[in-house]
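Numbering (the UniProt record's numbering), first residue to last: 1 to 421.
Just so you know, even glycine gets a beta-carbon here, dropped at the ideal spot from N, CA and C.
Treat the numbers as computed from the prediction; the structure is a model and nothing was measured.
For reference, the structure is listed below as structure tokens.
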Ligand code: SF4
């Protein structure tokens, strides 16, 4: 079936879910391409992040004359879409393309199905840090300008011992893009991070900041490493809420993070199924262990509060499958049942999990080993279950991700918060 017909069919089959979510998840899965004409517009260019998120190889993306926008927002068109923010993932072979036809439009094949805006350049961009780097090299904006995002540690030690997560391309991202960022190495100096967040905080659109990075295998050292960033930033900017991504740290150390200013904590579990966790995230499995990871996550609620502990799942990796990796679930219902079990376990203990839609990056282990992506329907089934469990348990949306709802959410890499409450 042609892509557009297929999308319309899926929208009809899921009448209780916003059409915007169907389109958004499909674009996140397939990536998107941009004509050269479209890229003549002015916008916020895609910056350096933890992963590339692109289905295309970095060399192909680099060959573009201009860097693509960080995010797009689709709206209107024949489907009357509400404004929906979507992370740009570059794919030359995507069925989705942004072209300039009087104005920017989203095409599926030959059909224009939505109007497109590119995310505007934040007002703090272009300012210089004390080492001469531009602020956006250290604290670029995501969530349509609402979150200043810092990748403090741009590599991950699990890669050194062949224990990297199989969906992840962090070290390959650094090899491809990190070296060309002048004045910034694998470890971004904490003083620069504090300077950058201070500059970003002067932009009234910026509502929070996020500190993230690769893992330091020794959990004590990792805690100390990220604590120093928090303290340094909060000395200069105490008014901006902070999100923190780390491994599931020992519970005893978490109050120090709370006192240092962390509001929202993300010990990302990635996948719920026990066997898949050990296969897909061997570093996390062997260095912390799944049961301990979950125990620490649940305990963290006592420190940060309900709604403020939100481990991420890379939605869809539980369906990863290829001859080299014949372990993922083959049926949507089995995959959703497994992850739903995790959502329920966590929500019944006051944890609010969140999602990123899996992007199959070619230099990740999964990309190299040719695994297949899940069908679109998997995401719709999963988010439907999430919505229902959230209602059943009376849980808030994960805090720290901004306002939820169709036409409202700015979460770029998943449609789960574009659902009705
Ligand atoms: S912990 Fe896993 S996902 Fe995170 S940076 Fe390391 S390898 Fe990548």
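> Buried or exposed: where does residue 322 fall if 16 or more other Cβ atoms within 10 Å of its Cβ makes it buried?
Replying inline: As a position in the chain shown, residue 322 is number 322, starting the count at 1. By the 10 Å Cβ count, residue 322 comes out exposed.
> Would you report the Cα separation of residue 489 and residue 398, rounded to the nearest angstrom?
Replying inline: In the structure as shown, the chain begins at 1 and stops at 421. Residue 489 is therefore absent and cannot be evaluated.
>> Assuming residue 125 and residue 136 are in contact, meaning their beta carbons sit under 8 Å apart, how far apart are those beta carbons, in whole angstroms?
In response: Translated into positions along the chain shown, residue 125 becomes position 125. Translated into positions along the chain shown, residue 136 becomes position 136. Contact flag correct, Cβ pair sits at about 5 Å.
> In chain order, what residues place their C-beta within less than 5 Å of a heavy atom belonging to ligand 1?
Replying inline: 156, 158, 164, 165, 168, 170, 214, 215
> Contact check, residue 360 vs residue 26 under 8 Å by CB: the rounded distance?
Replying inline: Here the question's residue 360 lines up with position 360 in the chain shown. Here the question's residue 26 lines up with position 26 in the chain shown. No, residue 360 and residue 26 are not in contact; Cβ-Cβ is about 14 Å, not under 8 Å.
>> Per the DSSP calculation, residue 312 is bridged to which residue(s)?
In response: As a working mapping, residue 312 is identified with position 312 in the chain shown. Beta-bridge pairing links residue 312 to 354.
>> Strictly by DSSP, which residues pair up with residue 147?
In response: As a position in the chain shown, residue 147 is number 147, starting the count at 1. For residue 147, which the question treats as bridged, DSSP gives the partners 142, 208.
>> With a threshold of 8 Å, are at least 3 pairs of Cβ atoms found where one atom belongs to the region 158-169 and the other to the region 221-231?
In response: no
> Would you say the region 79-86 touches the region 391-409, given that touching needs at least three Cβ pairs under 8 Å?
Replying inline: yes
> Is the Cβ-Cβ distance between residue 50 and residue 151 less than 8 Å?
Replying inline: Stepping through the chain shown from its first residue, residue 50 is reached at position 50. Stepping through the chain shown from its first residue, residue 151 is reached at position 151. Contact: yes.
> Helix, strand or coil for residue 245 per DSSP?
Replying inline: Here residue 245 corresponds to residue number 245 of the chain shown, with the count starting at 1. DSSP places residue 245 in strand when its eight states are reduced to three.
> What residue does the beta strand (DSSP E) around residue 87 start on, and which one ends it?
Replying inline: Taking the chain shown and counting its residues from 1, the one referred to as residue 87 is at position 87. Where residue 87 is concerned, the enclosing beta strand (DSSP E) stretches over 81-87.
>> Quick check on the burial criterion: 16 or more other C-beta atoms within 10 angstroms. Buried or exposed for residue 91?
In response: Locating residue 91 in the chain shown gives position 91, where the first residue counts as 1. Residue 91 should be labelled buried.
> Going along the chain, which residues of its own chain have a beta-carbon closer than 6 Å to the beta-carbon of residue 380, five neighbours each way excluded?
Replying inline: Here residue 380 is taken as the residue at index 380 of the chain shown, counted from 1. These residues qualify, in order along the chain: 14, 17.
>> Which complete alpha helix (DSSP H) runs does the region 25-93 hold, if anything under 4 residues is left out?
In response: 58-62
>> Can you tell me which residues form a DSSP beta bridge with residue 115?
In response: Position 115 of the chain shown holds residue 115. Bridge partners of residue 115: 75, 105.
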